[in-house]
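Engineer:
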Amino acid sequence: MLETVDKLTDRIETLESLLDADHSDWRAKPGRSNREEE
Numbered sequence: 422m423l424e425t426v427d428k429l430t431d432r433i434e435t436l437e438s439l440l441d442a443d444h445s446d447w448r449a450k451p452g453r454s455n456r457e458e459e
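Numbering of the sequence shown is given in the working numbering, commencing with residue 422 and proceeding in unit increments.
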């Protein structure tokens with residue numbers, strides 16, 4: 422189970438990096454939170 426969580430976390434981080442590179446304002450949209458603030 423923890424292995425799955427680790428893989429999903431890595432995938433989320435990768436997707437966020439791609440979004441940051443291509444659509445830098447995606448975090449500012451309503452309903453979005455910055456994971457670094459959590």
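Where a beta carbon is used, it is the ideal one built from N, C-alpha and C, also for glycine. Because the structure is a prediction, the values reported are computed rather than measured.
Give the straight-line distance between the Cα atoms of residue 423 and residue 436, rounded to the nearest whole angstrom.
Structural biologist: 20 Å
Engineer: Going by DSSP, what residue range makes up the alpha helix (DSSP H) through residue 441?
Structural biologist: Segment 423-443, the alpha helix (DSSP H) holding residue 441.
Engineer: Report the rounded CA-to-CA distance for residue 432 versus residue 451, giving the unit in angstroms.
Structural biologist: 23 Å
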